[in-house]
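Everything in the sequence shown is counted per our numbering, starting at 582 for the first residue and increasing by one. By construction, the Cβ of each residue, glycine as well, lies at the ideal position given by its N, Cα and C atoms.
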Amino acid sequence: MKKKGTIAIIGLGYVGLPLAVEFSKKYHVVGFDINENRIKELRQGIDKTLEVEGDNLKQVLIHDFDSEQGLYITSNPEDLAKSNIYIVTVPTPTDELNKPVFTPLIKASETVGKVLSKGDIVIYESTVYPGATEDVCVPIVEKQSGLKYNEDFFVGYSPERINPGDKKHTVTKILKVTSGSTPEIAEQVDQLYKSIITAGTHLAPSIKVAEAAKVIENSQRDINIAFVNELSKIFRLLDIDTKAVLEAAGTKWNFINFTPGLVGGHCIGVDPYYLAQKAIESGYNPEIILAGRKMNDSMGSYVAQETVKMMIKKGATIKGSNVLVLGITFKENCPDIRNSRVIDIIREFETYDVNVDVYDPWASKDEVEHEYNLELLTATSSLKTNYDAIILAVSHNQFLELDLTGFKSDIGVIFDVKSLLPKQIVDARL
């Protein structure tokens, strides 16, 4: 290193910020993001993702770039030039056709390439398909820097394992997979992460192996959830309680417990498409992966359609009826609304000309309006008392405190997507 641990973190979201904070406890860290509002908030010790508590962030923040240790927050790419290790933690989304979108990764690689010096290491954490780091990112860094890969600069890959909203399995407590473009660099990358990851590391034999390991983690979960979602549809037709079935089956020692539900977020609902795309490009049709994605992507509209059927049976007039959807974030007790599949429930209801209210005490009203063009209710005082249907879509703790029977009409129905509520007060659950 040029001096004691000069590390640049490119992207200060759910992945980058917790990592930057941990590294800054031992090293000099430059945290970079192109979002000026995000930078302004972080400099004030405010993290709207709630992944890092304000006091913990303020303790490591430095405002003098030349300090030996701490986290310097910036949106100026020139501030990256004194770093010698660059860690890229930008998102890797998909487009409306579920094709991988590499734009954030390409832009980040260009930014790094422009400030890279001989001997520097670039480590990628963004989830990609096997081969993307060396086939997509490295040529961009070479072009921008004028340096040659594995001669003038080196690359590592250590896939992120952040679980948004999880205060138990935080970044240092989750075992980290590492890799490098040469055996020597792989060892350096591994040692770097070992210095902050108390759970330990696993050094993969190549960058491609590390990339593949990450992308199959979420693909495996996606397929298993798709299986129980299909079971839920079958058991509903058979008038069998899916939760009771899973509890009974779970008494066997080797039964793997998964629960039905909506599959969104920036990982499980996205990563399988990256692996599927690479498989298709290589001449293989990934049937099981895509079947799992199709099943899970169908669950939102299924919930709405089944609710409408129950409403009709109870005598409700569907057009103009009032429906309450509880939760818009992609998971419980977390403000992250990225790729939330709750929107599928809402959009399906809208095709029936239903009036839909959405209440979520965790989500940002402005972000929901910007992302989904929805007016979010953030206080219980805004709720009606005559909903013809209530859908519990996300299992926020606050929803346990609500007396839902007081918000529904005499013929109203309650669909508990997450099996959070007492069975006796709901009409259906997955």
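Three-state secondary structure assigned by DSSP to Ala589: Residue state, collapsed to three classes: strand.
Asp925, buried or exposed, once every other Cβ within 10 Å from all chains shown has been counted against 16: It counts as buried.
Neighbourhood of Glu811 by C-beta, 8 Å cutoff - its chain only, sequence neighbours within 5 removed: Met876
Beta-carbon proximity list for Asp701, same chain, < 6 Å, skipping 5 on both sides: Asn665, Phe734
Host alpha helix (DSSP H) of Ile909 (start-end): Taken as a continuous stretch (DSSP letters only), Ile909 belongs to no alpha helix (DSSP H), as it is neither H nor E.
Assigned secondary structure, Phe930 (DSSP; H/G/I helix, E/B strand, else coil): Looking at Phe930 - three-state DSSP - the assignment turns out to be helix.
Segment contact, 8 Å Cβ cut-off, at least three pairs: the region 799-806 with the region 848-867: Using a Cβ-Cβ distance cut-off of 8 Å, the region 799-806 and the region 848-867 are in contact, since at least three pairs of beta carbons, one from each stretch, lie closer than that value.
Buried or exposed by the 16-neighbour rule on C-beta atoms within 10 Å, applied to Gly908: Answer is buried; the Cβ neighbour count reaches 16.
Backbone secondary structure at His847 - three-state DSSP: coil
Closest residue to Ala780 among His750, Val770, Phe808 (Cα-Cα distance): His750
Beta-carbon spacing of Leu642, Leu652 below 8 Å: yes
Of the residues Ala807, Leu973, Asn799, the one placed nearest Ile743, counting alpha carbons only: Asn799
Rounded distance between the beta-carbons of Val770 and Ile704, thought under 8 Å: 6 Å
C-beta contact flag for Val790 and Tyr855 at 8 Å: no
Reduced DSSP secondary structure (H/G/I, E/B, other) of Lys639: Correct three-state label for Lys639: helix.
Test item: CB-CB of Ile654 and Leu623 under 8 Å: yes
With 16 other Cβ atoms within 10 Å as the buried cut-off, status of Lys583: Confidence in Lys583 is poor, its pLDDT being 43 and thus under 50, which makes the residue's placement unreliable; the coordinate value appears in the next sentence. Classification of Lys583: exposed, given that the 10 Å Cβ count is below 16.
Pro681 Cβ short of 7 Å to the ligand COA heavy atom set: For the ligand COA, the structure offers nothing, since it holds no ligand at all.
With 16 other Cβ atoms within 10 Å as the buried cut-off, status of Ile972: buried
DSSP three-state assignment for Tyr710, whether helix, strand or coil: coil
Backbone CA spacing between Asp614 and Phe604 [nearest angstrom]: 17 Å
Three or more C-beta pairs below 8 Å linking the region 935-945 and the region 908-924: yes
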